[in-house]
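Okay, structure first, notes after.
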Amino acid sequence: MSVALAADAGLALLILGLAVWTSIARTAGGAVIGFMAYGLLVALVWVRLAAVDVALTEAALGSGLTGFVLLGAAARLPRDAPAARPGWGLRLAAGVVSAAVAAGLAAVVLLLPVSAPTLAPAATANLPALGLGNPVTGVLIAYRAIDTLLESVVLVLALIGLWSLARDGDWGGRPGALRSADPSPALVLLAQVLPPLGILVGIYLFWTGAIAPGGAFQGGTVLAAMWVLTLVTGLTRPPRVGGRGVRLLLVAGPALFLAIGVAGFWLGGAFLAYPAGYAKPLILAIEAALTLSIAVALGLLLAGPPLAQSGPRA
Amino acid sequence: MSSVTLFGLCGAALVGLGLFGLIVQPGVLRKILAFNLLGSGVLLLFGVIARRGGGVVAGNGSDPVAQALIITALVVAFAATVLAVALLRRLVQETGRDSLDSDG
Amino acid sequence: MDSLATLASATWGGPLLVLALMLPVAALMLAFVLGGRHAERVVLATLPIGLGVAVAIAAAIIHQGAALHYDLGGWAPPLGVSLHADGLSATLLLTTAVVLCAVGLYARADFRVPPGVSEARAPLAFWTLLLAVWAGLNAVFLGQDLFNLYVALELLTFAAVPLVCLSGSPQTIAAALRYLLFALMGSVLYLLGGALFYGAYGTLDIPMLSARLASGDPIAPAALAAAALMTAGLLAKTALFPLHLWLPPAHAGAPAAGSAVLSALVVKASFFLILRLWFDVMPASLTHLAAQVLAALGAAAILFGGVLALRQARLKMLIAYSTLAQIGYLFLVFPLVANPAAAPILDLGQTPGAWTGGVLQLVSHAFAKAAMFMAAGLIAGALGHDQLRGLGGIGRVLPMTVFAFALAGLSLMGLPPSGGFASKWLLLSASIETGQWWWTLVMLAGGLLTGAYLFRVLAPALSTRGPPLTLVKPVERSRELVVLGLALCSVVLGLVPFSSFGLVQIGRLGATGIGLP
Amino acid sequence: MTQSSLLMAALGTPVLALLACLWRPVRERMLGLLVLAPLPALAAAVIALAGVGEGGRWMLDPGLLQIGLVLDRPGALLLGVAALLWGAAGAYAWTYLRGKPNGRRFAVFWLLTLTGSLGVFVAADLLSFYLTFALVSLAAWGLVAHDGTVRARRAGVVYLLLAVLGEVFLLLAFVLLAVASPGDSLAIGAVVAALPGSPWCGPTLGLLIAGFGLKAGLVPLHVWLPIAHPAAPMPASAVLSGVIVKAGIIGLIRFLPWDAGLVDWGQALTAIGLCTAFYAVAIGITQANPKTVLAYSTASQMGLVATVFGLGLAVGDGAAVTAGTFYAAHHLLAKGALFLAVGVVAATDARRLWPVLAPAGLLALGFGGLPLTGGFLAKLAVKPVLGVGLVGWLGTLSAIGSTLLMVHFLHRVAANPAPEAVASAAPGLVWPWWVMCLAALVLPWVLAPLGRLGPWSDTLGWAALWGGLWPVLIGAVLALGLRRWGERLPKVPEGDLVVLFSNAGRVAAALGDALERADGWLRRWPVAGVLLLVLALVLWGAMLAGTR
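Residue numbers (the working numbering), protein chains in the order written: chain A, 1 to 314; chain B, 315 to 418; chain C, 419 to 935; chain D, 936 to 1483.
Below you can see the structure in the form of structure tokens.
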């Protein structure tokens, strides 16, 4: 057994251990902390699997922002006794079928074809025509642009869904989930120092996405995190949900994407096609708009449904 | 056994763990956590597939198509988590309970 | 300027598919940005255009006698993603557009921005979510790539869940949460299946996958696992018995217009993908046993849902359980289409009547169920409740609504002349032809149960005894007309001779390859 | 006007009247217009029977499926007499229901039932037949349950339950017919021709006889008749017992393969018919309500028709159809008239009953075969089919039984005059009754050539007259005995066999409770979650098993 394999085995065991801990931790808060650590280790696995783009996304979104949302929820759970667990018969049955599915999947993994089919060559081969160096970005923004377009709409939709959970009287107010009564001075300091740096990192991630790991999702996530930091400490206030400006920002990315896609009918020969020679600048424009929209959407998703001006509730 | 297969088996185990948690955990927050474990297990399996495919041509790469799909799926999972958490918070606000079945 | 695409292909009329997919997306963004009273206007302006696009797609398919196809971005699969519309897709696009037009007109009264404010929560959410549901449905019906379909399904789920709890009551919040979590479990299984397909065959494009599955011998273990997991996940989203835990409270809890969309259309999207999976991706793997398992669950749904509907105290719950039962009929298609006895018919280049029957059931149920939920909404709005106990004599007060409800019920029961009758006739014939007489008994018993639970609504509604009803709110005649129109649609389907349903069979990928391995 | 367009008008008129009901002023007046709705059908039937041309024919798609309407001899005969009764009963209904609540609703259900009822006689294909049959079956619920009393509502539920059961039998039978038929054509003649060679011939015939027998009131599916007929308003009872049961008869006529000589099925139908004929008399004489007695009489008479059909089916003899149709046509007229008479009597005081009772008595004894009545001709028409063997004797015995039952009826109806000292029926009730009474007495003579009766000398010979008379005399003597000792008979509830199902409701409720509990369990989150995975594993296994 090589050292690398041993290290990977240790990583896998650690991940499984944290996953189990997350499942059995006594407090919800503990479980969420466990999950965040777990997410960071999974990001490490992504690096080991040579998927740096995914690793960045996992660390920022899968571990960071998701953990943040879950922590916020864990703090508001009722303190009294949790609901009863299902009876032992059901637990046993659940265990048996879950284990069976896992075992079946393990067998499938072991039986995967020796010569793995792949689209990697095709994806790489077409990159020069797009002026891109990062094939992942090529997939996201060109080959499978429709997925990304729908994806950015999904974020807007998730936000609409979130806002629809407001109370009728609270409509038009500002999102209130992040307002903390008195943030610790350390956090305030962090919120003053970190954002300029974070914004730079976010922009860099978006910009470098064209040639190296990074892109709109990763960059947007970092920007959103910075915004959220300032929101939590009260340095900035979230916008009112009724404002047209914030909505324009939210749809700017998908709308520009759609507009350029439609223009592709005439300029590129097909919907979502880029005219030869102009691909790179158009892609960068879309990425920029998407980064902005994603940052705003993620930030607002963390900020929760709107609350009336009268003050925070619950 | 290679590292890639190892992570594949790890992914399969995470899927099993996630499914089990999603089914038996009584609290909704724990269910959401289990859903995230399940999701990351599935994506890990996908990543293993991507690594195998990428390894064939580039020697030390990962299939960019699969990577793009994984990133998209991660964003979807995040959106789902946010929506579920928002519903949970509203449920706790309205009823004071954090479980779906009154009997577990 | 030259296009980057070289391998791309598109049929004449292909851009229509892009239009069908992007129209609701663009409208969604516009409605969201403009907000307030404009959201409703955007929806009502877009819906007729969408209906026109759906008609144009159907016309183009009939005219060409072949499916429409469009490679997005000029990138051909497997690297790119393409859109595809065969007769079945076109039928469902059209059904969706018609139902949504009716829902849009109907919902105006319920989701009006109250005077004095520029925007309110429920109207903005409803109108944008309606567009999102539409976008999701069209994306599902046009999708040709398993991962693209995953995104489409999630779009649909995220649009459907908030519709459930628009009223904000604790019960509907719990129902929405239950729906979301179970649907997510289904989505993850679907995604897992997609990953396995990709791992085994290196493509997610349905025709390519199908070709590689057919040529690759033997079938990869991953593909079998993928099909099983995907099917299970989609069944969870379709709420096939016994995975229906989320459906009754969710469909009964949503506002009437939302219930209509959820019950008539949203559950059909995941069913449509099951059809795609079994008949287009891997027709050869639909074993006799697997088909019988699916149909057995469908049969159980028919009987169980029927009995439970019979025992509900609330009208909307009754209709929700009726949906559970009606979904069951759809699953009888599997053994009836993929049966050894049906193979000779297929060799002649025809699709068995069971296919047409199944699609007809899907469409007529969509019209009928939307009409029923909307009629129930009018009744509940007028009375202030929807307890069956208190419906005595409603037929005198709202004759047109009750008439529309009865017409829709006629179709659900499968009485002639209605789409439901035509579909049941075809399914019954197919089950006799293929020697599977036991499904006929289930279908007939299901018809009896349907008749019984409709009787429970209609008999008191037509009675004249008891104190006269007092309405808490008048009912607009225009809304009654919308409901009646939709109910008539489900009836009129039955008046079209069977031979005219050729559309649903155009361009089926697996039309010639169905049979036992 | 061509016959085809007249045929269209026959069905189109009630449909148009229904559509017109959407308009309020028409709806208000519709009850008074019911009398007109069946007149085009009457005209179409008269012209067809007069032998002008080939009868009407109207096809929606003549090429492929053969969906449409057609008017042939048996259909025209039944259509004509049915239209007459619908017209008379419609006129009667106007007076009967005027000023009472819910007249508009009654008119709507009346027109729906009328459309279906006329339609079954002219439907040329499976789908049209099923549609019209379903219409007449289901819409008649509105007539049965019209009164809205507890009794009427119970009758409505029992009626609907059995009607829907019948629909289910027929739907399955029709599907079997269509599948077994080689061509695309759905014309009844084409699919029935293929029936004897069908692999599902037995089940198809069984379902057809069950479905149509239920509608015609054959034992043991007759139970709806004695429950529904008394509960309905008087004109509705008349059409229920007169016309609607004939939907079952025309179904048997249309769908049984007369040329095939199916001995077993013929004998079975004969046996069912004879059982019905006697069983219904036996139960009928224990009943007190004159309408219930009439309902049992209807079942008994339809039993005899079924006997005739069974004999014909066994030997492959189409003449039985002619005879049975003629018998059924007479029954339609006479039974409709008698139901109207019950209403007239109920509105007349005790001292002025005789002008009603005397002609009613003639009609009633006609069912026993009293010479020179229409019933006498009907009995003569079926006599050759029944033959002189055991079945022939049983036929005579049933004539005795019918007389007994009908004398019992006259006794019961005479015991229920209007309670007031001075009362007389409104003219609007009396003249439709007279029209039907005359029609029942005279029309069979006019239509006799259609019944393939022998020469008049035979028909009116002493032997024939005496043969008709003596069973009536014996029946009358037995009736005296019944009057004397009838008190000792057990009291059988209306709908006799239904009592066997009196606790079906409790069983169903218990079953429903159990399923509801099961639903509660299945909808628990962990249960559904486990089931989801089980399902995935089962499908996985099913495919693994299939590919090995």
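Even glycine gets a Cβ: it sits at the ideal position worked out from N, Cα and C.
Item to complete: Under 8 Å between beta-carbons, which chain C residues line up against THR443 of chain B? List them in chain order, please.
Response: Within the shown structure, residues of chain B are numbered from 315 to 418, placing residue 443 of chain B beyond reach of any answer.
Item to complete: Answer yes or no: do ALA51 of chain A and GLY361 of chain B have a C-beta to C-beta separation smaller than 9 Å?
Response: Yes, the Cβ-Cβ distance between ALA51 of chain A and GLY361 of chain B is below 9 Å.
Item to complete: Identify every residue that forms a DSSP beta bridge with VAL1005 of chain D.
Response: Under DSSP, VAL1005 of chain D forms a beta bridge with D:ARG992.
Item to complete: Report yes or no: is there a C-beta of chain C within less than 9 Å of the C-beta of VAL1442 of chain D?
Response: Closer than 9 Å: no.
Worksheet entry | Whole-number beta carbon distance between ALA952 of chain D and ALA979 of chain D, since they are thought to touch under 8 Å | That belief does not hold up - the Cβ atoms of ALA979 of chain D and ALA952 of chain D are roughly 16 Å apart, past 8 Å.
Discussion item. Between which two residues does the beta strand (DSSP E) holding HIS1266 of chain D run?
Written reply: Counting along the chain, HIS1266 of chain D falls outside any beta strand (DSSP E), though it belongs to the alpha helix (DSSP H) covering 1254-1281.
Worksheet item: So what does GLN805 of chain C bridge to, in DSSP terms?
Response: Note: GLN805 of chain C sits in a beta bridge opposite C:ARG732.
Worksheet item: Closest by CA to GLY202 of chain A, which one among A:TYR143, A:ALA288 and A:THR233?
Response: Of A:TYR143, A:ALA288 and A:THR233, the residue nearest in Cα terms is A:ALA288.
Worksheet item: What's the C-alpha gap between VAL938 of chain C and LEU71 of chain A?
Response: The shown model of chain C, from 419 to 935, leaves out residue 938 of chain C, and the question about it has no answer.
Item to complete: Alpha carbon to alpha carbon, how far is ARG240 of chain A from GLY169 of chain A? Give it in angstroms, no decimals.
Response: Each residue's Cα considered, the two are about 14 Å apart.
Fill in: Uninterrupted alpha helix (DSSP H) stretches inside the stretch 1007-1038 of chain D (no shorter than 4 residues)
Qualifying alpha helix (DSSP H) stretches, in chain order: 1008-1032.
Fill in: C-beta neighbour in chain B for VAL1465 of chain D, strict 9 Å
Among the CB atoms of chain B, one or more fall inside 9 Å of the CB of VAL1465 of chain D.
Discussion item. Measuring straight from C-alpha to C-alpha, what distance separates VAL1198 of chain D and ILE1144 of chain D?
Written reply: Cα-Cα distance, rounded: 15 Å.
Fill in: Simplified DSSP state of SER1072 of chain D, which is helix, strand or coil
Annotated three-state conformation of SER1072 of chain D is helix, per DSSP.
Worksheet item: Between the Cα of VAL460 of chain C and the Cα atoms of C:ALA645, C:GLN710 and C:THR546, which residue gives the shortest distance?
Response: Cα-wise, what sits closest to VAL460 of chain C is C:THR546.
Practice prompt. Tell me whether SER908 of chain C is buried or exposed, calling it buried when 16 or more other Cβ atoms sit within 10 Å of its Cβ.
Written response: Buried.
Discussion item. Against chain D, which members of the stretch 820-850 of chain C pass a CB distance test of less than 7 Å?
Written reply: Residues passing the 7 Å Cβ filter: LEU833, PRO834, PRO835, TRP843, LEU846, SER847 and ILE850.
Discussion item. What does the alpha-carbon distance come out to for the pair THR509 of chain C and PRO495 of chain C?
Written reply: If you take the alpha carbons of THR509 of chain C and PRO495 of chain C, they lie about 25 Å apart.
Worksheet item: So HIS502 of chain C is in the beta strand (DSSP E); what residue range does that whole segment cover?
Response: Run containing HIS502 of chain C: 500-503, per the beta strand (DSSP E) assignment.
Worksheet item: Which residues in the same chain as ALA369 of chain C place their Cβ atom closer than 7 Å to its Cβ, once the five residues preceding and following it in sequence are excluded?
Response: An answer regarding residue 369 of chain C cannot be provided, because it is not within the stretch 419 to 935 covered by chain C.
Worksheet item: Any contact of the stretch 186-200 of chain A with the stretch 315-331 of chain B, i.e. 3+ C-beta pairs under 8 Å?
Response: Short answer: they don't touch.
Item to complete: Spell out whether any CB of chain C is found under 9 Å from the CB atom of LEU954 of chain D.
Response: Cβ-Cβ to chain C under 9 Å: no for LEU954 of chain D.
Item to complete: Consider the Cβ of GLY283 of chain A: report whether some Cβ of chain C lies at a distance smaller than 9 Å.
Response: Looking at the sequence itself, residue 283 of chain A is Ile, so the reference to Gly does not match. Chain C contact via Cβ: absent.
Item to complete: Examine chain D for any beta-carbon lying closer than 9 Å to the beta-carbon of ASP415 of chain B, and answer yes or no.
Response: Taking Cβ atoms only, chain D reaches closer than 9 Å to ASP415 of chain B, which makes this a yes.
Item to complete: Determine which residues of the stretch 530-543 of chain C have a Cβ less than 9 Å from any Cβ of chain A, and write them out in chain order.
Response: Shown in chain order are the members of the stretch 530-543 of chain C whose Cβ falls below 9 Å from a Cβ of chain A: VAL535, SER536, GLU537, ALA538, ARG539, ALA540, LEU542 and ALA543.
Worksheet entry | Where PRO306 of chain A sits in the DSSP three-state scheme | PRO306 of chain A sits in a strand when the DSSP states are folded into three classes.
Discussion item. Please tell me whether ALA643 of chain C has its Cβ less than 9 Å away from any Cβ of chain D.
Written reply: By this cut-off, ALA643 of chain C is an interface position.
Worksheet item: In terms of residue numbering, what span does the alpha helix (DSSP H) encompassing TYR38 of chain A cover?
Response: Unbroken alpha helix (DSSP H) run through TYR38 of chain A: 28-48.
Worksheet item: For the stretch 69-90 of chain A, which residues have a beta carbon sitting closer than 9 Å to at least one beta carbon of chain B?
Response: Residues VAL69, LEU70, GLY72, ALA73, ALA74, ARG76, LEU77, PRO78, ASP80, PRO82, ALA83, ALA84, ARG85, PRO86, GLY87 and LEU90.
Worksheet item: Any beta-carbon of chain C closer than 9 Å to the one on ILE385 of chain B?
Response: False, the Cβ-Cβ gap to chain C never drops below 9 Å.
Item to complete: Return the first residue and the last residue of the beta strand (DSSP E) that HIS487 of chain C is part of.
Response: First-last of the beta strand (DSSP E) with HIS487 of chain C: 486-489.
Discussion item. Is ASP182 of chain A close to chain B? Criterion is C-beta to C-beta, closer than 9 Å.
Written reply: No, ASP182 of chain A does not count as interfacial toward chain B.
Worksheet item: Quick one, which of C:ALA719, C:TRP430 and C:ALA438 has its alpha-carbon nearest LEU748 of chain C's?
Response: Nearest in C-alpha terms to LEU748 of chain C, of all of C:ALA719, C:TRP430 and C:ALA438, is C:ALA719.
Worksheet entry | Cβ neighbour criterion (16 or more within 10 Å) applied to LEU200 of chain A | The residue in question, LEU200 of chain A, is exposed, as its Cβ has fewer than 16 Cβ neighbours within 10 Å.
Practice prompt. List the residues of chain D that THR649 of chain C touches, going by C-beta distances under 7 Å, in chain order.
Written response: In chain order: LEU1474.
Worksheet entry | chain B contact residues for ALA106 of chain A, given Cβ-Cβ distances below 7 Å | LEU323 and ALA326, listed in chain order.
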